[in-house]
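Step one of this worksheet: look at the structure below.
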DNA sequence: GACATCACG
DNA sequence: GACGTACGTGATGTCC
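In the working numbering, the protein residues as written are 2 to 934.
Structure representation (structure tokens):
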């Protein structure tokens with residue numbers, strides 16, 4: 002049915018950003034009643050769209066239609082001129098979360114919604130308008146932006162939707178004093194303070210138009226500038242020629258940019274009432290949904306009159322916890338009743354009970370649900386009957402449970418329904434359990450992540466902690482139910498009535514926490530952090546963890562044996578040297594041998610009264626003695642064997658043959674992830690022997706491992722945050738940053754640099770990131786403290802911005818109780834005002850957190866965008882190691898994958914943050930991780 | 001379960 | 001002037 006765009010067609014192009022800002026400023030700051038989400042701009046946007054669709058604009062009806070949005074803050078204009086739009090104010094905090102909703106709104110109206118990374122909406126509009134005009138059609142641009150006026154003419158008109166005023170060639174002349182084809186000339190001269198286009202100083206639109214009309218066009222004017230009578234004006238045009246020509250390039254729209262769609266894709270489509278109503282209902286627009294429903298002749302959606310946040314909070318506190326009210330759901334009918342309530346409500350708190358903590362292995366035992374504080378249920382599914390001493394009955398299913406499949410069949414549509422929010426505490430766990438049963442839970446909210454976004458650094462984010470702190474309620478502990486040690490049982494052995502009280506309460510607590518946190522998120526100014534850096538990471542990580550990484554057991558096993566042999570030899574030598582047998586693995590025994598029996602120099606250690614035998618101590622002793630050297634070698638092998646070659650084998654999943662780590666999103670205060678069970682973020686790499694362990698991490702046949710890692714990301718971020726011109730310059734010149742530092746510090750030319758001097762400078766660079774101290778640097782470099790202090794003083798002298806950054810950061814922390822990353826992540830520093838030795842720790846942590854945290858945010862953003870970027874490629878993201886991402890890729894697609902992933906990683910800060918220093922990514926590939934890294 | 005040690009960024 | 005310090009993690013083995 003598609004017609005080809007051509008004569009008789011009429012294309013309408015709506016400037017989406019203009020709509021959004023108008024809507025935002027025209028309306029008071031409305032919030033969604035149920036959860037406090039700001040929605041004023043979305044509401045206004047929908048209103049404007051509806052009015053437009055109603056034809057309330059006096060223009061001929063379109064045959065083709067699209068809403069065009071900006072995407073990304075960096076465009077080719079920024080490359081031309083780094084000050085372009087530089088003085089534009091940051092987007093208001095309560096508008097930011099509404100931007101994606103306006104896209105959804107457009108789609109809900111079934112209107113084409115277009116944006117292209119790196120281009121302004123104006124360029125897309127210009128390109129489309131030209132295409133449509135060339136095809137013989139007409140165009141109406143719904144906008145009053147003067148930057149678009151250059152497009153008017155030959156069937157292209159503008160429409161100011163607010164004033165219902167059409168702008169044609171004469172309208173443009175009215176505004177600019179010239180016709181559309183000369184508008185850019187006038188703009189180039191007059192400049193634009195809003196977009197920070199410089200233009201010619203002292204020349205406004207009036208004068209510009211006068212000049213252009215006199216000389217014909219800008220080029221002629223500039224060529225013949227010496228003919229201008231007014232001396233000042235003449236001089237300006239002669240002196241500022243470059244700036245004026247640059248301005249013209251900035252204001253001229255790109256009418257031939259690449260598009261990934263055609264005019265025909267914009268053919269007008271009928272609205273799908275159900276879809277539009279679902280969106281309006283989700284936004285809780287009562288009046289608007291009713292008005293539009295009337296217009297469409299359909300039933301208006303019922304929007305539950307949910308309590309305002311403050312009331313919800315009171316309710317959450319008012320309703321007492323009462324385990325006897327929890328229902329045990331044992332059949333389909335009872336479950337259906339709960340599902341009905343969930344559908345009515347639009348959200349549900351969910352919790353799963355399983356036989357263990359490893360979600361790749363644990364079996365689902367039961368599910369609890371909660372839709373209202375105090376009202377929760379537990380659905381037992383695979384509890385075993387009888388006590389554990391019942392030798393025969395313990396494996397049989399207990400009575401009175403629904404079959405697992407039946408329960409999941411009923412729940413699946415709800416858990417996957419995009420209009421029903423699933424709320425959980427650590428949802429990644431539950432989502433993975435459900436995923437193993439073929440249920441893709443979405444969309445989700447996570448109280449643990451909300452707490453992390455609001456209270457990172459203040460306290461833990463486990464449910465018990467949160468419940469006690471924010472609900473004043475101590476949940477039933479799990480310990481008494483499961484026991485501990487050898488006699489511990491799994492949850493499926495817990496009696497169903499006990500399980501119901503425990504499990505349903507967890508869902509109850511989760512829902513109450515959610516009702517409390519949801520409105521607070523916005524007040525704490527962390528909605529964007531939660532929505533862009535926490536919540537969207539859940540499905541990405543779940544996917545990575547479930548996919549796992551292939552590990553070759555035989556390689557590990559062989560290495561284990563080799564290590565064992567070497568260790569045995571070393572152990573014999575150590576005993577020989579010591580003159581007695583002792584446990585080499587016991588620091589206490591080793592200390593006595595070294596310092597008491599052999600009488601070596603090298604002190605004690607405080608608290609426990611034992612000798613310190615750390616690597617640094619042994620390293621010093623090793624210059625004079627054999628034994629400590631042997632112990633160091635033995636320890637290295639012992640570590641490699643026990644932690645890696647042995648333990649890793651036990652983590653190979655028998656079903657998949659792969660190792661599945663688990664990432665803790667809230668694991669580190671700074672925003673970094675933490676990897677556990679096993680930790681795959683500390684696989685050896687620094688020593689040759691250790692690195693060989695990475696040879697056991699392999700790809701499936703026909704595939705290779707690809708590793709991409711950020712180069713010096715923390716130092717780059719430091720250079721940006723502390724605004725160190727010399728560092729920024731060095732990065733932009735692609736210099737060896739440590740050598741450059743050394744050269745600057747010690748006045749050594751780069752071509753005379755020695756590895757030793759560079760090593761010292763490298764230590765200082767890292768020291769700065771860690772909150773440098775004379776003592777720490779002295780110990781790291783093994784130099785006298787005074788000398789180390791001298792280095793630091795000199796560093797501050799050469800890079801004064803560092804001192805300022807440190808002082809400012811500590812002052813900020815003292816005043817606000819937190820520091821923050823460039824992306825708005827808050828890291829609380831409760832100890833910053835402490836007295837005594839604590840204070841030093843807190844200060845250094847405060848200095849480090851914005852740097853480490855910003856780097857963590859950057860890679861999180863890259864990870865969130867990665868699935869889309871590599872969509873369609875035979876590639877999977879497997880692991881994250883703080884500044885590195887590891888992929889498994891079909892051999893033939895390696896180059897494409899590297900290109901796609903690198904683009905995402907290098908551009909990960911955009912558009913939220915414009916870094917002064919570009920991020921660069923190194924890539925490697927190979928049959929195993931040792932080769933790829 | 002605390003502590004020491006050591007693997008990573 | 002004295003504190004005692006590099007930042008952020010997790011896993012293992014010893015010893016109580």
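Built from N, CA and C at the ideal position, the CB exists for glycine as well.
Residue i, buried or exposed, once every other Cβ within 10 Å from all chains shown has been counted against 16
i, result
"residue 528", "buried"
"residue 545", "buried"
"residue 655", "exposed"
"residue 938", "Past the boundaries of the shown model lies residue 938; the chain is included only from 2 to 934, so the question cannot be answered."
"residue 640", "exposed"
"residue 205", "exposed"
"residue 739", "buried"
"residue 441", "exposed"
Three-way DSSP call (helix, strand, coil) for residue i in this model
i, result
"residue 230", "coil"
"residue 796", "helix"
"residue 381", "strand"
"residue 371", "strand"
"residue 652", "coil"
"residue 819", "strand"
"residue 439", "coil"
"residue 17", "helix"
"residue 39", "strand"
"residue 628", "helix"
"residue 810", "helix"
"residue 848", "helix"
"residue 781", "helix"
"residue 355", "strand"
"residue 275", "helix"
"residue 69", "strand"
Nearest residue (CA-CA) to residue i, options the options
i, options, result
"residue 898", "918, 915 and 877", "877"
"residue 457", "883, 167, 791 and 668", "668"
"residue 553", "701, 618, 441 and 503", "701"
"residue 151", "686, 168 and 725", "168"
"residue 717", "8, 729 and 706", "729"
"residue 299", "421, 272 and 654", "272"
"residue 722", "929, 403 and 801", "801"
"residue 895", "912, 871 and 828", "871"
"residue 521", "451, 469 and 549", "451"
"residue 480", "465, 208, 83 and 474", "465"
"residue 244", "323, 189 and 614", "189"
"residue 276", "259, 357, 301 and 881", "301"
"residue 686", "297, 698 and 804", "698"
"residue 746", "413, 763 and 813", "763"
"residue 185", "646, 851, 551 and 252", "252"
"residue 845", "539, 883, 797 and 768", "768"
"residue 756", "917, 175 and 743", "743"
"residue 221", "290, 238, 386 and 408", "238"
DSSP bridge partner residues for residue i (one or two, in chain order)
i, result
"residue 423", "349 and 445"
"residue 711", "922"
"residue 193", "198"
"residue 161", "166"
"residue 663", "677"
"residue 581", "None; residue 581 has no bridge partner."
"residue 552", "698"
"residue 139", "11"
"residue 828", "820"
Whole-number beta carbon distance between residue j and residue i, since they are thought to touch under 8 Å
i, j, result
"residue 885", "residue 709", "7 Å"
"residue 138", "residue 47", "Actually they do not touch by this definition, with Cβ atoms about 28 Å apart."
"residue 351", "residue 368", "7 Å"
"residue 170", "residue 156", "Contact doesn't hold; Cβ gap of about 11 Å is too wide."
"residue 422", "residue 347", "7 Å"
"residue 866", "residue 672", "That pair is no contact at about 17 Å."
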